[in-house]
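See below for the structure under consideration.
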Amino acid sequence: MAKKQNESEILFAQEKISVNGKDIIVHPYSWAGAILVAKPLAVIMKTVVENVDALNLVLKTLRKKEIAENTEEPKEEEGISGQLMAIADFIDGVQNPTDIIQALSELVSASTALSTDEVEALLIDDMYKVSKAVYEVNKAFFDKRLVPMMKSPSKKQEK
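Using the numbering used here, the letters of the sequence shown correspond one by one to residues 1024 to 1182.
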């Protein structure tokens, strides 16, 4: 069972990050803002369901980075460039990559004061940094809505 965050952690969860000398405050998604994330989240969920196996490979690569950070000399492919390549390859491999990029931009925009145009104009490493902060601040939200979708269809059929 997933760890539950206490109410104060959820209510006051936010992160301040600096990108290109500009401070960005990342806030959790609010009930009022739920309408802003409904459409992009539907695009993300559809992509997750249609690409479970490919997404699991990306997640495996991202986990390797977390493990590599705890060692003295992480391999380059396990570093941030390896993560970015895995994410870029995944997005390039989905049926409508522009839809997924737009949806991700809208999810980031809904959690920050950045417009979708500003989000799309970020350099890839800055986009990664902001997206990671959005995920961390909204982890409970994503865990509740996306993790159940991550079960591989092939494993479901085996049961």
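Cβ atoms here follow ideal geometry from the backbone N, Cα and C, with glycine treated the same way.
Which same chain residues, not among the five before or five after residue i, have their C-beta less than 7 Å away from its C-beta?
i       : result
Thr1139 : Ser1128, Glu1129, Ser1132
Asp1122 : Val1066
Tyr1052 : Val1060, Ala1133, Ser1134, Asn1161, Phe1164
Ala1077 : Phe1113, Gly1116
Report yes if the CB atom of residue i is closer than 8 Å to the CB atom of residue j, and no otherwise.
i       : j       : result
Ile1114 : Tyr1151 : no
Pro971  : Ala1111 : Only positions 1024 to 1182 of the chain appear in this structure, which leaves residue 971 out of reach.
His1050 : Val1142 : no
For residue i, is the classification buried or exposed, using 16 other Cβ atoms within 10 angstroms of its Cβ as the cut-off for buried?
i       : result
Leu1082 : exposed
Ile1047 : buried
Ser1041 : exposed
Gln1037 : exposed
Leu1080 : exposed
Gln1118 : exposed
Take residue i as the anchor and find which of the options has the nearest alpha-carbon.
i       : options                            : result
Ser1134 : Gly1044, Asn1043, Ile1058          : Ile1058
Gly1044 : Leu1145, Phe1165, Lys1167          : Leu1145
Gly1116 : Val1071, Glu1143, Gly1056          : Val1071
Gly1056 : Ala1077, Lys1069, Met1108, Ala1136 : Ala1136
Output needed for residue i: all residues of its chain with C-beta closer than 6 Å, excluding positions within five of it in sequence on either side, in chain order.
i       : result
Ala1109 : Val1081, Thr1084
Going along the chain, which residues of its own chain have a beta-carbon closer than 8 Å to the beta-carbon of residue i, five neighbours each way excluded?
i       : result
Val1153 : Ile1040, Val1042, Ile1047, Val1049, Val1131, Thr1135, Leu1137, Val1142, Leu1145
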